[in-house]
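Quick note, the first sequence lines up with residues 0 to 743 if you use numbering that gives the first Met the number 0.
Remarks on the structure that follows.
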Amino acid sequence: MHEYNPESIMPKNTKKGGFKAAKNYVPKDGRTGGSHPGSRSAGHRGFTAGGEGVKKARWTTEDRDARRERTDRFPRDESRGERPNRPAYGRDDNRGGNPRGGFARDDRPARPERGGYGASRGKDFTPRERTDRFDRSDRPTGGYNRDERGPRTGGYNRDDRGPRTGGYNRDDRGARPERFNGFNRDGARPERDGYNRDDRGPRTGGYNRDGGRPDAARADRSAPRTENRGESTGRRYFDDRGSERNFRDYSDRAERPARTGGYNRDDRGARPERSTGFTRDDRGARPERGGYNRDDRGPRTGGYNRDDRGARPARSFDRDDRGARGGSDSKFYPNRDEKPRFTPEEDVVLERLEAQSTLAADVEGVSWQDLGLGDNIARALGELGAPSPFPIQAATIPDVIAGRDVLGRGRTGSGKTIAFGAPLVEKLMENGGGKKRELGRKPRALILAPTRELALQIDRTVQPIARSVGLFTTQIYGGVPQGRQVGALQRGVDIIVGTPGRIEDLIEQRRLDLSEVTITVLDEADHMCDLGFLEPVQRILNRTQQGGQKLLFSATLDKGVAMLVDEFLVDPSVREVAGEDQASGTIDHRVLLVDRNDKDLIIEQLADREGKTLIFSRTRAYAERMADQLEDAGIPAVSLHGDLNQARRTRNLEKLTKGRVNVLVATDVAARGIHVDDIDLVIQADPPDEYKTYMHRSGRTGRAGRTGTVLTIIPRSRQRRTKELLDRAEITADFTPFFPGDTL
DNA sequence: AAAAAAT
């Protein structure tokens with residue numbers, strides 16, 4: 000996306016003459032577009048030409064006309080060839096006039112103002128309007144779909160699925176076509192398979208993305224096909240992501256099938272060996288995995304994901320190749336074939352992992368200063384609500400200050416952020432001395448996290464600590480304009496907190512130089528070693544100073560980090576707190592055996608309560624749907640998943656944090672690290688596939704010694720697998736049949 | 001399946 004905020008445009012986008020058309024843009028402080036951040040610039044989707052965020056509940060004809068006219072004044076659009084289309088298209092047969100009217104969701108109402116002026120991209124409009132009616136098949140039509148939905152859900156989609164395969168979500172979909180029943184979805188479906196599929200093959204090709212998409216796409220189908228097809232699949236469903244998404248869909252898709260698509264998949268295929276190789280041998284976690292692959296595989300034939308592939312021209316090819324391929328394209332993942340080589344070494348690591356425990360009792364009466372932290376830092380910690388160290392902090396801080404590489408395992412909510420954040424600042428003070436405030440100084444510490452929300456949260460804790468001694472931090476993560484981040488780097492920061500993608504991006508742009516980074520922290524380190532994260536993380540670590548100190552933390556630190564440990568750490572000290580494991584916590588675990596047909600209703604009933612509730616779903620689409628359903632039932636709820644744009648993600652999480660809603664429905668993006676006070680109930684609407692995921696999800700409650708309840712909803716058919724999973728997590732839970740109307 | 005960059 001283009002950013003036109005002053006910090007970034009100056010250096011970077013000067014050539015865009017077309018931009019001057021946005022007369023109202025006043026590059027003063029970077030926030031001129033309107034009252035909210037999304038509207039600050041003309042190139043931005045949410046830009047409001049007049050600068051004022053006028054709320055409109057609906058578009059009147061005049062509004063629309065006016066808008067169209069204004070739009071026409073923007074040369075830029077023409078140059079893109081986009082605008083011309085828009086009028087014709089943006090409107091509305093389908094969409095009926097009221098762009099967003101339907102939307103109860105909090106986010107939505109806001110949109111009109113914003114959209115007020117996306118002006119520049121044709122895309123901006125479409126989605127919005129569409130939203131109402133078609134997109135969300137679920138929601139929009141409110142009365143309508145919904146009714147259908149009722150039955151559907153209850154009776155149908157879901158349930159069908161249940162019975163149907165047993166095999167599951169995934170498979171169902173593949174199978175679904177026959178079923179027609181559902182409406183929004185299914186009605187559309189037939190085409191989809193026969194037909195769309197073809198489209199989709201190419202289109203979807205991609206992988207990750209597609210995951211979310213299908214549903215969206217599916218929903219669209221009910222709308223006139225021609226139109227949907229073109230531009231907005233993703234968009235109208237998750238309105239916010241607007242143009243970037245679309246863009247992405249296309250381009251990615253275009254290449255992905257061949258490339259990444261080919262890849263991820265292949266990798267997965269390959270994965271078993273690898274993991275077996277080392278990641279989780281002991282745990283037996285694999286089986287589930289297997290479980291997972293298996294599902295795909297079963298259906299594969301008719302399967303869903305696979306179909307995409309099927310459609311993919313390249314596919315049969317890819318597949319066949321795969322065996323032999325061994326890396327034909329392997330510039331990206333050159334070592335894939337060599338991975339299985341780690342086998343014996345991990346055991347060593349495992350031993351180390353279990354070695355040094357600190358007794359909680361030994362920590363009594365210890366102060367921050369006793370651990371080696373300075374007074375300023377101790378004071379800052381006190382202000383953060385941590386007057387004295389928790390056990391994991393007492394266990395790791397001295398080692399970090401001593402300059403050792405550290406692997407720290409502390410159960411969820413035990414205070415790991417401070418355990419690495421505070422001593423990291425202390426170390427920078429010690430080493431850094433002289434060049435503290437130098438303009439444009441290079442960062443000397445890096446903290447990597449797997450999600451943006453977590454990076455943001457870590458920064459919120461580390462920043463005050465750093466500030467207390469005059470050091471600066473900045474967040475470097477995606478989904479937001481990079482201008483501010485780059486500006487901060489240019490001014491000079493000491494500590495970077497971020498996610499891998501944007502960090503790599505800025506490195507490639509030569510805007511970020513990690514060569515002076517002497518301390519690197521990987522939070523949720525085991526997850527950072529999972530497929531998809533490992534390689535970027537390796538590349539990033541390779542950009543940091545050779546021999547720099549490395550700190551790896553996670554509640555589920557295990558052999559999975561062996562690769563990184565072998566490659567980057569030297570004689571690490573492994574720390575944990577004796578007797579503090581997930582099972583010894585303050586969380587009550589229960590498994591509810593439910594009939595698939597009752598699932599949604601039961602979740603609704605369980606979530607209808609006073610305290611804060613976090614619901615986990617396996618897919619983005621289900622999270623979205625569930626949030627809608629709860630809202631419809633009069634239970635204020637928001638969602639959090641990767642199909643939302645970052646602004647909404649942040650806002651929705653904040654709504655829960657601030658108590659504006661009590662229910663958040665999330666994918667596993669919220670499984671790790673996210674801290675919200677007082678979540679006393681976690682509902683797993685879909686059971687996790689890995690025991691580690693179970694531990695992290697459930698760890699969103701029962702934090703810092705509080706009590707909490709975790710309910711895992713499963714069909715009876717999943718009982719055994721769930722028991723095995725709980726065994727691995729060393730958690731005991733009652734399994735109880737549960738029906739609508741039951742209480743706990 | 002999800003997450004992580006953007007154009």
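Cβ coordinates follow ideal geometry from the N, Cα and C atoms, glycine included.
Please state the DSSP three-state secondary structure of residue i.
{"i": "residue 416", "result": "helix"}
{"i": "residue 716", "result": "helix"}
{"i": "residue 565", "result": "helix"}
{"i": "residue 656", "result": "helix"}
{"i": "residue 736", "result": "strand"}
{"i": "residue 743", "result": "coil"}
{"i": "residue 559", "result": "helix"}
{"i": "residue 385", "result": "coil"}
{"i": "residue 431", "result": "helix"}
{"i": "residue 395", "result": "helix"}
{"i": "residue 724", "result": "helix"}
{"i": "residue 731", "result": "coil"}
{"i": "residue 639", "result": "strand"}
{"i": "residue 709", "result": "strand"}
{"i": "residue 686", "result": "coil"}
{"i": "residue 390", "result": "helix"}
{"i": "residue 457", "result": "helix"}
{"i": "residue 422", "result": "helix"}
{"i": "residue 452", "result": "helix"}
{"i": "residue 744", "result": "There is simply no residue 744 to check, as the chain begins at 0 and stops at 743 in what is shown."}
So, residue i versus residue j, is the Cβ gap smaller than 7 Å?
{"i": "residue 730", "j": "residue 588", "result": "yes"}
{"i": "residue 685", "j": "residue 617", "result": "yes"}
{"i": "residue 475", "j": "residue 495", "result": "yes"}
{"i": "residue 501", "j": "residue 482", "result": "no"}
{"i": "residue 424", "j": "residue 465", "result": "yes"}
{"i": "residue 622", "j": "residue 664", "result": "yes"}
{"i": "residue 524", "j": "residue 552", "result": "yes"}
{"i": "residue 457", "j": "residue 422", "result": "no"}
{"i": "residue 706", "j": "residue 670", "result": "no"}
{"i": "residue 376", "j": "residue 392", "result": "no"}
{"i": "residue 451", "j": "residue 506", "result": "no"}
{"i": "residue 370", "j": "residue 396", "result": "yes"}
{"i": "residue 535", "j": "residue 499", "result": "yes"}
{"i": "residue 709", "j": "residue 586", "result": "yes"}
{"i": "residue 700", "j": "residue 662", "result": "no"}
The beta strand (DSSP E) with residue i in it runs from where to where?
{"i": "residue 441", "result": "Note, residue 441: premise wrong, no beta strand (DSSP E); not H, not E."}
{"i": "residue 497", "result": "494 to 497"}
{"i": "residue 550", "result": "548 to 553"}
{"i": "residue 545", "result": "Unbroken run through residue 545: none, as it is neither H nor E."}
{"i": "residue 682", "result": "678 to 683"}
{"i": "residue 406", "result": "405 to 408"}
{"i": "residue 401", "result": "No beta strand (DSSP E) contains residue 401, which DSSP labels as neither H nor E."}
{"i": "residue 662", "result": "662 to 665"}
{"i": "residue 357", "result": "355 to 357"}
{"i": "residue 575", "result": "572 to 576"}
Between the options, which lies nearest to residue i when the distance is taken from Cα to Cα?
{"i": "residue 637", "options": "355, 655, 707", "result": "655"}
{"i": "residue 725", "options": "715, 711, 736", "result": "711"}
{"i": "residue 738", "options": "603, 456, 615", "result": "603"}
{"i": "residue 468", "options": "383, 444, 378", "result": "378"}
{"i": "residue 606", "options": "619, 584, 630", "result": "630"}
{"i": "residue 702", "options": "643, 389, 598", "result": "389"}
{"i": "residue 741", "options": "452, 480, 384, 601", "result": "601"}
{"i": "residue 412", "options": "715, 633, 554, 743", "result": "554"}
{"i": "residue 364", "options": "386, 374, 373", "result": "386"}
{"i": "residue 511", "options": "415, 520, 486", "result": "486"}
{"i": "residue 715", "options": "735, 449, 680, 683", "result": "735"}
{"i": "residue 681", "options": "615, 437, 609, 357", "result": "615"}
{"i": "residue 718", "options": "698, 446, 687, 662", "result": "687"}
{"i": "residue 514", "options": "440, 404, 632", "result": "440"}
Which residues mark the beginning and the end of the alpha helix (DSSP H) in which residue i is found?
{"i": "residue 697", "result": "690 to 697"}
{"i": "residue 370", "result": "367 to 370"}
Starting from the N-terminal side, write out each stretch of the beta strand (DSSP E) that is 3 residues or longer and does not extend beyond the stretch 460 to 540.
-> 472 to 475, 494 to 497, 518 to 522
Which parts of the stretch 582 to 637 are runs of the alpha helix (DSSP H), unbroken and 4 residues or longer, counting only runs that do not cross its ends?
-> 598 to 606, 619 to 631
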